[in-house]
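Under our numbering, the first residue of the sequence shown carries the number 1, and numbering increases by one thereafter. One structure is given below, encoded as structure tokens.
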Amino acid sequence: MASPSSNICSSGSSEGDLTVNVVDPKKRKRMESNRESARRSRIRKQKHLHDLNSQVALFKKENSNILKVINMSTQHFLNVEAENSILRAQMMELSHRLESLNEILNSISCTAAGALVSEGFHTVTFGPGHGLTNMAPIALAYTSCHPIAAAPDEAMFQY
């Protein structure tokens, strides 16, 4: 049931009746308010979408930077690991050389000690296996190469 002021106005024309809806002022005000609210909502939605796109771009940039740092760190790690492998191989080689040199020195020392004992000298040898393992390697090498020998009845040492 519509009121006569809010419904239909008709204009008489010879071609037919055209009806024009005249809207109640409250309804018209509510429709304008809804349009304005929808417009503000669209603007907020656009702004939110723009902010999200900006955030995506920022995250992509940060992700790219993090990937660069990870790649650089990985490359550095691989370089250090390769260098470490080389150093370990060198250490093993030097350890084998040191063992060989110690065997040669022990062989020379034993040969020299045997020769001195057979000539009547008593030898004192300082080196590994004789309780002097905390000596500096150079001192061990020196004392192993040159045993101290003394004649049993003489107070003179030979080097």
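For every residue, glycine included, the Cβ atom is placed at its ideal position computed from N, Cα and C.
Going along the chain, which residues of its own chain have a beta-carbon closer than 7 Å to the beta-carbon of residue i, five neighbours each way excluded?
i	result
Gln-90	none
Glu-103	none
Using beta carbons (cut-off 7 Å, strictly below), is residue i in contact with chain C?
i	result
Ser-37	No chain C appears in this structure, which consists of one protein chain only.
Tell me which same chain residues have a C-beta within less than 8 Å of the C-beta of residue i, skipping the five on either side of it?
i	result
Ile-138	Unreliable placement is indicated for Ile-138, whose pLDDT of 46 sits below 50; the coordinate value is still reported in the next sentence. Excluding residues within five positions, none has a Cβ falling inside 8 Å.
Arg-35	none
Ile-86	none
Using C-beta distances below 6 Å, list every residue in its chain close to residue i, excluding the 5 sequence neighbours before and after it, in chain order.
i	result
Met-135	Here Met-135 scores only 43 on pLDDT, less than 50, and its place in the model should not be relied on; the value that follows carries that caveat. Correct list: empty, nothing qualifies.
Leu-78	none
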